[in-house]
Amino acid sequence: MGQGLFRKKIIITGITRMNQGNICVSGIDPDTWRFVRPLFPTGLNRDFTMESKTQVINHFNLVEIEFKRYRPENIYHTEDWIINENFAPRFVRHLTNEEIIRVLNKVSISDLNMAMQPQDKSLFIVKAQSITRIWDEQYEKFKVRMDFIDHAGNAHNSVPVTDLLTLAFVRYQKSIGNNNYPTELMNIFNNNPYRYIRIGLTRKFQDKYWKQVTALITIPDLFDGRSFSFYETKIGGQA
Numbered sequence: 002m003g004q005g006l007f008r009k010k011i012i013i014t015g016i017t018r019m020n021q022g023n024i025c026v027s028g029i030d031p032d033t034w035r036f037v038r039p040l041f042p043t044g045l046n047r048d049f050t051m052e053s054k055t056q057v058i059n060h061f062n063l064v065e066i067e068f069k070r071y072r073p074e075n076i077y078h079t080e081d082w083i084i085n086e087n088f089a090p091r092f093v094r095h096l097t098n099e100e101i102i103r104v105l106n107k108v109s110i111s112d113l114n115m116a117m118q119p120q121d122k123s124l125f126i127v128k129a130q131s132i133t134r135i136w137d138e139q140y141e142k143f144k145v146r147m148d149f150i151d152h153a154g155n156a157h158n159s160v161p162v163t164d165l166l167t168l169a170f171v172r173y174q175k176s177i178g179n180n181n182y183p184t185e186l187m188n189i190f191n192n193n194p195y196r197y198i199r200i201g202l203t204r205k206f207q208d209k210y211w212k213q214v215t216a217l218i219t220i221p222d223l224f225d226g227r228s229f230s231f232y233e234t235k236i237g238g239q240a
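Every position in the sequence shown, counted from 1, becomes a number in the numbering used here once 1 is added.
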């Protein structure tokens, strides 16, 4: 692989919260159907997702990004690419629901435990039976967790949500006094014919690679096409 700059169009499937106000972005390369995690050595900030006031890095947007080189880790994190931070991501278009369903059919898995065994990837789109519990807690920072059952019937409990959209949505619901948001969110998700949970694995921490919920995906979209920036503007701060 040459080390020159090259541009690639990526289908965005994840925008997650990191430390110090940074974010993590990832998606799918439609040429190879592999997951791609664009990295920038000092971290990506929220500005990377925006073009003036518009959030161009949004779920299932096709976006052109300029890459420098592939930099995989040996275990799990095989999706890492170093990007050129001076090239602003270019919005190409938003995928139609039909195209999104095709992508989901192509890349989704039913059994998360089995998919994790080879330790050769850290990003998964998991077909879900249901979310059984959602709650929030304040521990160092605002956190949301959930219990869910994957399509194969495995229970995954107390998985932290790092998806910026879900976090900002929950913060907003709480700010308007809606403490019934877990039931509402679960009802919308569980009654949807297309139910997927995107899972990412953390870097090694306390000798483990921890699961995180990096997106809730339904067709039609349970967030009505809204982005994390929509809710962050409403709450007047970062989720």
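C-beta: ideal position from N, C-alpha, C; glycine also. These numbers were taken from a predicted model, which means no experiment stands behind them.
Whether residue i touches residue j by CB criterion (8 Å)
i, j, result
"His-95", "Asn-62", "yes"
"Ser-123", "His-152", "no"
"Ile-133", "Phe-149", "The residue you asked about is not Ile; residue 133 is Thr in the sequence shown. Yes, the pair counts as a contact, with Cβ atoms nearer than the cut-off."
"Ile-83", "Leu-113", "no"
"Gly-44", "Val-26", "no"
"Tyr-77", "Ala-169", "no"
"Val-64", "Ile-126", "no"
"Lys-107", "Tyr-197", "no"
"Thr-79", "Asp-32", "no"
"Val-104", "Asp-137", "no"
"Ser-230", "Met-51", "yes"
"Leu-223", "Asn-179", "no"
"Ile-66", "Pro-42", "no"
Burial state of residue i, where buried means 16 or more other Cβ atoms lie within 10 Å
i, result
"Ser-159", "exposed"
"Ile-177", "exposed"
"Gly-201", "buried"
"Gly-28", "buried"
"Ala-240", "buried"
"Asn-135", "The identity of residue 135 in the sequence shown is Ile, whereas the question assumes Asn. Buried."
"Ala-156", "exposed"
"Arg-8", "exposed"
"Met-2", "Its pLDDT being 48, under 50, Met-2 is placed unreliably by the model, and the measurement read from it follows with that caveat. Exposed: under 16 other Cβ atoms inside 10 Å."
"Ile-11", "buried"
"Leu-165", "buried"
"Lys-212", "buried"
"Ser-228", "buried"
"Arg-199", "buried"
"Arg-204", "exposed"
"Arg-38", "buried"
Residue i - partner residues in DSSP beta bridges
i, result
"Leu-161", "A small fix is needed here, since residue 161 is Pro in this sequence, not Leu. Arg-146."
"Glu-138", "Lys-144"
"Tyr-195", "Ile-220"
"Lys-10", "Glu-65"
Beta strand (DSSP E) segment containing residue i, residue limits
i, result
"Pro-39", "35-40"
"Glu-86", "Taken as a continuous stretch (DSSP letters only), Glu-86 belongs to no beta strand (DSSP E), as it is neither H nor E."
"Arg-103", "Run containing Arg-103: none in the beta strand (DSSP E); it sits in the alpha helix (DSSP H), 98-108."
"Asn-75", "Segment: none, Asn-75 is in no beta strand (DSSP E) and carries neither H nor E."
"Asn-23", "23-30"
"His-95", "91-95"
Start-to-end residues for the alpha helix (DSSP H) that takes in residue i
i, result
"Glu-65", "It is not in any alpha helix (DSSP H) - Glu-65 instead sits in the beta strand (DSSP E) that spans 62-71."
"Asn-188", "182-191"
"Phe-229", "229-236"
"Asn-114", "113-117"
Heavy atom of the ligand ZN within 7 Å of residue i beta-carbon
i, result
"Tyr-77", "As for the ligand ZN, it is missing from this structure, which has no ligand bound."
The stretch 12-19 contacting the stretch 68-77, beta-carbon criterion three pairs below 8 Å: no
Using 8 Å as the threshold, is the stretch 178-193 in touch with the stretch 211-229, meaning 3 or more CB pairs across them? yes
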